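Accompanying notes for the structure given below.
In our numbering, the protein residues as written are 914 to 1418.
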């Protein structure tokens, strides 16, 4: 028997660090393999070589991409020390669907944090931000300093309410507060809910070549007059990755423009539901009718005496507006919204509700429904691509070739009538033959069914056409048990998109 004692590295999320460093172009990393280098080395080495030569890996390597960490965290020794310790401490722990770290918390807090915590907010950590997960009815559950699980003579946190709540999440069944998330979802569907989305990245793209850069970077037609600015609101978990990607493209293409980060300077709340227009008409000094303020438009308006950017958008499938608010105005605007909304039955809601509401509507989540190795055509997002124009954009040639050849895989929505929890990675069978797996699954409270999305392939290698989907009988396997599933080519909830346009009844 031989024993080897050595130092070993553990990264903050127990995954390797790979890809081009955000700080230095051409400097690539392939390290931090968490005592699994022998297992991961071959495949990671192959992908890293492809990455260096072609500028991107061949497979989905986003989970290992160094750009998944925000620079404020990688420059923070406390964050690195605490999170890497917990990564090691939980090395062999069972990975439950809704686990959250206890280490390195409260690193990035938005202006609404304290008032939401007082109302029972159970926070999730994303990209260093504390974002609302859901709202506990038993009072505040503040997050305490990391206790290293009582190692190194650090006193253990006793009577730690947040940790106790997380412990109840450690299940592969519906969690005990399933009904709380249900109520947040149904309040949004039937009245109005407010979501704090301040963790979003908020960038401005400006300069003489801003239009050229936007045309090349974005698949959609975002035609603007030359020299104008573009405001980009990007999901907080992928903000650093987007920032690095955009900066690299600007440099490689030689565009004369600048990307400016205003994430920390602004907050963002989203007011959604059939009562959102009536509520906001009392708070905003602008006509919110569909003629005056159509879906997918924005205006600078006054909200309770404070200037904000209002966008008529929705990620939950309801009529609603996002308010992008200067930091110092966030709380006055929030309190005005909540006061006006009291008679409409307004509630705070979190991202667990967003997950359910968005999957009902078929809105895609990054790195679940959408990964770097998926195309907009496969993901059912062809409408976001300016293919009917002659404007070139990054990836256009690949999409044109795929469109001509036909899709060899396609994302499909599945519903299960039995009330069984699913979380993603469940196998999809068509006529008894495995054809893919779910990328994401949630319970849809409005339709009262489990919903999942996954990409399917034709076992014969042929095109996956709509008829191929319609003609199959599908089942999903969860923990060795198969469940009959119904396949949908359109969203099972409001497939005609009436609600986001304000058409109810």
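The C-beta atom is built at its ideal place from N, Cα and C for all residues, glycine as well. The structure displayed is predicted, hence computed values, not measured ones.
Opening and closing residue of the beta strand (DSSP E) in which residue 1381 lies: Translated into positions along the chain shown, residue 1381 becomes position 468. No beta strand (DSSP E) contains residue 1381, which is instead part of the alpha helix (DSSP H) from 1379–1383.
Cα-Cα separation, residue 1112 to residue 1197: Position 199 of the chain shown holds residue 1112. Position 284 of the chain shown holds residue 1197. The alpha-carbon atoms of residue 1112 and residue 1197 are separated by roughly 23 Å.
Sub-8 Å separation of residue 1215 and residue 1107 beta-carbons: Stepping through the chain shown from its first residue, residue 1215 is reached at position 302. Stepping through the chain shown from its first residue, residue 1107 is reached at position 194. No, the Cβ-Cβ distance between residue 1215 and residue 1107 is not below 8 Å.
Within 8 Å, strictly: CB atoms of residue 1348 and residue 1396: Within the chain shown, numbered from 1, the residue matching residue 1348 stands at position 435. Within the chain shown, numbered from 1, the residue matching residue 1396 stands at position 483. No, Cβ-Cβ distance for residue 1348 and residue 1396 is not below 8 Å.
Of the residues 1333, 1293, 1115, the one placed nearest residue 1325, counting alpha carbons only: Here residue 1325 corresponds to residue number 412 of the chain shown, with the count starting at 1. For residue 1325, the closest alpha carbon among the candidates 1333, 1293, 1115 is that of 1293.
Residue interval of the alpha helix (DSSP H) (run including residue 961): As a first step, residue 961 is located in the chain shown; it is residue number 48 there, counting from the start. Counting along the chain, the alpha helix (DSSP H) containing residue 961 begins and ends at 950–967.
For residue 1261, the first and last residue of its enclosing beta strand (DSSP E): As a position in the chain shown, residue 1261 is number 348, starting the count at 1. Element bounds for residue 1261: 1260–1262.
CA-to-CA distance, residue 1190 to residue 1004, given in whole angstroms: If you number the chain shown from 1, residue 1004 lands on position 91. If you number the chain shown from 1, residue 1190 lands on position 277. The alpha-carbon atoms of residue 1004 and residue 1190 are separated by roughly 49 Å.
Burial state of residue 1386 (16 or more Cβ within 10 Å): The residue you call residue 1386 lines up with position 473 of the chain shown. By the neighbour-count rule (16 or more Cβ atoms within 10 Å), residue 1386 is not buried but exposed.
Contact the stretch 1020–1035 vs the stretch 965–974: 3+ CB pairs below 8 Å: Touching, no, given that fewer than three Cβ pairs across the two stretches are closer than 8 Å.
Which of helix, strand or coil DSSP assigns to residue 1157: Your numbering for residue 1157 matches position 244 in the chain shown. Collapsing the DSSP output to three states places residue 1157 in a helix.
Counterpart residues of residue 1370 in DSSP-defined beta bridges: Reading the chain shown from its first residue, position 457 is the one you call residue 1370. Partner(s): 1322.
Residue 1251, enclosing alpha helix (DSSP H) - first and last residue: As a working mapping, residue 1251 is identified with position 338 in the chain shown. Per DSSP, the continuous alpha helix (DSSP H) segment holding residue 1251 begins and ends at 1243–1254.
At least three beta-carbon pairs within less than 8 Å, the stretch 1268–1282 to the stretch 1128–1137: no
DSSP state of residue 1038 mapped onto helix, strand, coil: Looking up residue 1038 in the chain shown gives position 125. Correct three-state label for residue 1038: strand.
Residue ranges of each beta strand (DSSP E) within the stretch 1157–1216, 3 or longer: 1171–1174, 1179–1185, 1211–1216
Other residues of its chain near residue 1208: CB distance less than 7 Å, five sequence neighbours each side excluded: Within the chain shown, the letter at position 295 stands for residue 1208. The residues are 1225, 1413, 1414.
Whole-Å CB distance - residue 1149 paired with residue 1265, under 8 Å assumed: Mapped onto the chain shown, residue 1149 falls at position 236. Mapped onto the chain shown, residue 1265 falls at position 352. Actually they are not in contact, since the Cβ atoms of residue 1149 and residue 1265 sit about 16 Å apart, beyond 8 Å.
Status (buried if at least 16 other CB within 10 Å, exposed otherwise) for residue 1110: For the purposes of this step, residue 1110 is taken as the residue at position 197 of the chain shown. So residue 1110 ends up on the buried side.
Neighbour-count burial assignment, residue 1154, 16 or more Cβ in a 10 Å radius: Against the chain shown, residue 1154 aligns to sequence position 241. By the neighbour-count criterion, in which a residue is buried when 16 or more other Cβ atoms sit within 10 angstroms of its Cβ, residue 1154 is buried.
Under the three-state DSSP convention, the category residue 1085 falls into: Looking up residue 1085 in the chain shown gives position 172. Residue 1085 falls in the coil class under three-state DSSP.
Chain-order list of residues whose beta-carbon lies under 6 Å from that of residue 963 (same chain, five-residue window excluded): On the chain shown, position 50 is the one that residue 963 refers to. Result list for residue 963: 970, 971, in chain order.
Beta-carbon spacing of residue 1199, residue 1223 below 8 Å: The count along the chain shown starts at 1 and reaches residue 1199 at position 286. The count along the chain shown starts at 1 and reaches residue 1223 at position 310. For residue 1199 and residue 1223, yes; Cβs fall inside 8 Å.
Assigned exposure category for residue 1036 - 16 Cβ within 10 Å defines buried: Against the chain shown, residue 1036 aligns to sequence position 123. Its Cβ being crowded by 16 or more others within 10 Å, residue 1036 is buried.
Cutoff 6 Å; reference residue 1351; Cβ partners in own chain excluding five residues on either side: One-based indexing of the chain shown puts residue 1351 at position 438. The residues 1337, 1339, 1365, 1367, in chain order, have a CB closer than 6 Å to that of residue 1351 in the same chain once the five nearest residues on each side in sequence are set aside.
Counted within 10 angstroms of its Cβ, other Cβ atoms place residue 1232 as buried (16 or more) or exposed: To locate residue 1232, count along the chain shown from 1; it is residue 319. Buried, because 16 or more other Cβ atoms sit within 10 Å of the Cβ of residue 1232.
Beta-carbon proximity list for residue 1267, same chain, < 7 Å, skipping 5 on both sides: Position 354 of the chain shown, counting from 1, holds the residue named residue 1267. Answer for residue 1267: 1108, 1228, 1229, listed in chain order.
Reduced DSSP category for residue 1294 - H, G, I as helix; E, B as strand; rest coil: The sequence position of residue 1294 within the chain shown is 381, counting from 1. Coil at residue 1294, not helix or strand.
Stretch pair the stretch 1055–1067 + the stretch 991–1010: three plus CB contacts closer than 8 Å: yes
CB of residue 1041 within 8 Å of CB of residue 983, strictly: Reading the chain shown from its first residue, position 128 is the one you call residue 1041. Reading the chain shown from its first residue, position 70 is the one you call residue 983. The answer is yes: Cβ separation under 8 Å.
Residue span of the beta strand (DSSP E) that contains residue 1146, given as start and end: Sequence index remark: in the chain shown, residue 1146 carries index 233 (1-based). Unbroken beta strand (DSSP E) run through residue 1146: 1143–1147.
Test item: CB-CB of residue 1291 and residue 1320 under 8 Å: For this step, residue 1291 is matched to residue 378 along the chain shown. For this step, residue 1320 is matched to residue 407 along the chain shown. Yes, Cβ-Cβ distance for residue 1291 and residue 1320 is below 8 Å.
CB contact flag (residue 1073, residue 1117, <8 Å): Stepping through the chain shown from its first residue, residue 1073 is reached at position 160. Stepping through the chain shown from its first residue, residue 1117 is reached at position 204. Against a cut-off of 8 Å, the Cβ pair of residue 1117 and residue 1073 comes out as no contact.
Same chain only: Cβ atoms within 6 Å of residue 975, ignoring 5 sequence neighbours per side: Along the chain shown, read from residue 1 onward, the residue named residue 975 stands at position 62. Cβ-Cβ distances below 6 Å link residue 975 to 1280, 1285 in the same chain, with the five nearest sequence neighbours on each side left out; the list follows chain order.
Short Cβ contact (8 Å threshold) for residue 1088 with residue 1011: Here the question's residue 1088 lines up with position 175 in the chain shown. Here the question's residue 1011 lines up with position 98 in the chain shown. Taking 8 Å as the Cβ cut-off, residue 1088 and residue 1011 qualify as a contacting pair.
Residue 1238, DSSP secondary structure in three states: Within the chain shown, residue 1238 is the residue found at index 325, counting from 1. Residue 1238: strand per DSSP, three-state reduction.
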